[in-house]
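Protein chains in written order, with our numbering: chain A, 2 to 407; chain B, 1013 to 1235.
Think of the CB as a built atom: it goes at the ideal place given N, C-alpha and C, for glycine as much as any other residue.
Quick caveat, the model's predicted, so the values are computed rather than measured.
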Amino acid sequence: MLALLRIAKSIVFISSLLFVISILPTHSVYSRDTSPSSSDLGPITVRAFDTDNDAGGSITVEWDDPGYERLSGFAGFLVWRTNTLTGTSDSVEVTPFGTRTYDDRSVSDDSTYSYSVAALVNGERLMSTPSMQVRSSKQWFDGRLTWVLILGLIICGAVIYFIESAKRGTKLFLRRIAGLEAIDEAVGRATEMGRPILFVAGIQDMDDVQTIAGLTILGSIARTVAEYDTKINMPVRASLVMTAARETIKHAYVTAGRPDAYNDDMVHYVTDEQFGFVAAVDGIMVRERPAACFFLGAFFAESLIMAETGNSIGAIQVAGTAMPAQLPFFVAACDYTLIGEELFAASAYLSGEPRQLGSLKGADVGKAIAMIVILVGVIATTIASAWNSESMLWIENLLRQMFSTG
Amino acid sequence: MKREIPLIITFVAGVAFVLQYFIPHYPFNRFENIFSDWFAIVGAFAIWLGALSLMKLCLLNISKKSHDWPISLLIIISFLSIVIAGAIDGFHGLNSVPATSFRDPGTNFDWFYQNVYTPLSSTMFAILAFFVASASYRAFRARNTAATLLLVSAFFVMIGRVPLGDYLSGWLPERMQFSQWANWLMAFPNTAGQRAVMIGIALGTVSTSLRIILGIERSHLEG
């Protein structure tokens, strides 16, 4: 029995010894004080410079940490500013842990400043030497947008070139857009059925390019409506859209030789509230049962509510929007959908005017550039990651830089 | 001149907007705010045109005893109720210390907003759920190859988005489970398609904007 007790004691002793040995290396690391003292560390190097690509009133301060953050009792870096013209100094910010840069937006372009950074350790301020004097200034060009400018100029140049080319009589091919071809059919159907046409130019105001695109198509539709002597009903959500739409329809009726048939009440304001507007449009659809519904402009959650109501009354429906999230709803519920760019192309397509058609051809140059860049980017990224090719990595980085605005 | 002046304003404003995007220097950096303010001011005046149009049409319907004249009457009553409630609260708020707004909780306007407008608005939004179901039913009918592909993709996305999907495919390796299929479909084919549409939209916007700025596209200004 005594022997067993001794064996048990020995096991406990050996286990304890093994446990202590197992934790010893870890424990010993923490038990030794290896953290440097502030006197061991070199000075903080501070650099201050005018913030790039801004409207002035901002200086960026950067500094290196020789190791102060590793000291126990470190509380942060204090950015210290001296106005070298007035001689006044003040602290501007205590930066959070891990921060090595500060953007001082409280400076005046009329003064020069010098910056110091102090490490706050155990209540002490361990000051750096001051930076060079610096003055903030306004820039005349945002350098981050250089590539955007170059690409924009190429695309705009192409648009203008093809407009001029079309003006000189060059024949331009334009693929058939089924949704626009169906306009005459839809208006004709409404005429035969003796029912009105409903037109909704989205729910945005005149500051949205989609609303303007919708109104340009409205001009063509209204002209056909006037020629066929059909009724058009256009509820709107914004008063400015109402005014512009009235002018557009009025002009279409005058062009069609039917100014007497025009009536201001064809376009009427309903409400600015999104779902209030939807309720009104749905009500009009159910009561008046238009034979054709056109939804052309910017739409949000109401797109499907309106399109499904139109579907339920058996109207022929043509929709178009540049809101990618709403396109599937229109595709599902409408007979024809103008997808994204087709909405913008519609005006040129319907007018057949060479100058407008030329602008579409110019946009095609942009698409060609996009396709080439995507293809080159995919190939470069694939090769760079598979074979660590530096030249491909350079191409990848260049493309990233070209299409980054940050 | 009726046509030229709007074209000149459009050109100047369009060029100014392009410049303000590239130039951070004053006054260009203020253009966006200035134009936004102007737009808000013009819009505020234009709201009266809209309100008058609404009232005129409704009164016309009532006087003619049109088919839906009771709806027009309801619109006028609703419109006047909220306007009067807002006006009374507004005047009351101006005279109280400290001044309060007609939108503050507890006002008559707020009562209308909370108890009439919000429930009605939510009801309209809720109808969307039923329309999604009916539209999906039509869209997912496998009439041709494209519709069948859509149906199959939609099946995997929908089942991959609910816990039942992973429950049913739990016996498969993790990367083969339905949620991973759904993630792949959303991250790659869906994103690729969306980006193609977005690129087209961006270029279409540039082209249309240029047509408007240069005065080639002017049908929205005709009259």
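A:LEU173 is not a Cβ neighbour of A:TYR350, given a cutoff of 8 angstroms.
Here B:SER1231 is buried: its Cβ has 16 or more other Cβ atoms, across all protein chains shown, within 10 Å. For chain A, the residues of the segment 1069 to 1094 of chain B that bring a beta carbon within less than 8 angstroms of one of its beta carbons are LEU1069, LEU1072, HIS1079, ASP1080, ILE1083, in chain order.
For B:ARG1223, the chain A residues whose C-beta falls within less than 7 angstroms of its own C-beta are GLN357, SER360, listed in chain order. Nearest to B:SER1146 by alpha-carbon distance, out of A:ASP55, A:ALA308, A:PRO355, A:GLU289, is A:ALA308.
Taking CB atoms only, B:VAL1054 has a neighbour in chain A less than 8 angstroms away. Along the length of the segment 182 to 208 of chain A, whole beta strand (DSSP E) runs at least 3 residues long occupy 198 to 201, reported in chain order. Within the segment 1155 to 1178 of chain B, no residue has its Cβ closer than 8 angstroms to any Cβ of chain A. DSSP lists A:SER92, A:SER117 as the bridge partner or partners of A:TRP81. Excluding sequence positions up to five before and after A:VAL93, its CB lies within less than 8 angstroms of the CB of VAL80, TRP81, ARG82, TYR103, ASP105, SER107, all in the same chain and listed in chain order.
The three-state reading of DSSP puts A:GLY74 in coil, since its state is none of H, G, I, E or B. Non-local C-beta neighbours of A:SER90 in its own chain, meaning closer than 6 angstroms and more than five positions away in sequence, comprise THR83, ordered along the chain. With respect to chain A, the C-beta atom of B:LEU1019 has no partner C-beta closer than 8 angstroms. A:LEU199 sits away from A:PRO260, with the two beta carbons spaced by 8 angstroms or more. B:ARG1223: member of the alpha helix (DSSP H) spanning 1203 to 1225, first to last residue. Residues of the segment 1015 to 1041 of chain B with a Cβ closer than 9 angstroms to any Cβ of chain A, in chain order: VAL1030, TYR1033, PHE1034, ILE1035, PRO1036, HIS1037, TYR1038, PHE1040, ASN1041. From the beta-carbon of B:GLU1044, no residue of chain A is found nearer than 7 angstroms; the closest lies around 11 angstroms away.
Contacts between A:ILE314 and chain B, judged by CB atoms closer than 8 angstroms, are missing: the closest CB pair is about 13 angstroms apart.
The CB of A:ILE164 comes closer than 9 angstroms to the CB of LEU1222, ARG1223, LEU1226, ILE1228 in chain B, given here in chain order. Beta-carbon to beta-carbon, A:PHE345 and B:THR1220 are separated by about 4 angstroms, close enough to satisfy the 8 angstroms threshold. Taking B:PHE1040 as the centre and dropping the five residues before and after it, the same chain places the C-beta of LEU1031, GLN1032 closer than 7 angstroms to its C-beta, in chain order. Of all residues in the segment 1200 to 1219 of chain B, those with a C-beta nearer than 7 angstroms to a C-beta of chain A are GLN1206, VAL1209, MET1210, ILE1211, GLY1212, ILE1213, LEU1215, GLY1216, THR1217, VAL1218, SER1219, reading in chain order. Near chain B, meaning a CB-to-CB distance below 7 angstroms, the residues of the segment 132 to 158 of chain A are LYS139, GLN140, TRP141, PHE142, ASP143, LEU146, LEU150, ILE156, CYS157. A distance below 6 angstroms between beta-carbons, with the five flanking residues on each side excluded, links A:ILE45 to the following residues of its chain, in chain order: TRP64, VAL118, SER129. Taking a cut-off of 8 angstroms for Cβ pairs, the segment 182 to 194 of chain A and the segment 221 to 229 of chain A touch, as three or more such pairs fall below it. When Cβ-Cβ separations below 8 angstroms define contact, B:LEU1061 makes contact with chain A. Residues of chain B whose Cβ lies closer than 7 angstroms to the Cβ of A:ALA214 are, in chain order, THR1220. Contact annotation: A:VAL122 and A:THR406 have beta-carbon atoms that are not nearer than 8 angstroms.
Between A:ALA262 and A:TYR254 the beta-carbon gap is near 6 angstroms, inside 8 angstroms, which marks them as a contact. Residue pairing of A:TRP64 in beta bridges, as defined by DSSP: A:VAL47. As DSSP reads the structure, A:ASP104 sits in a beta bridge with A:THR61. Across the segment 315 to 326 of chain A, CB contacts with chain B closer than 7 angstroms involve ALA323, PRO325, in sequence order along the chain. The residue among A:ASP208, A:VAL62, A:GLY277 with its C-alpha nearest the C-alpha of B:SER1134 is A:GLY277. As computed with DSSP, A:ILE317 is found in a beta bridge with A:ALA293.
Within the DSSP secondary-structure output, A:ALA56 pairs in a beta bridge with A:LYS139.
For A:ASP55, a Cβ of chain B is located within less than 8 angstroms of the residue's own Cβ.
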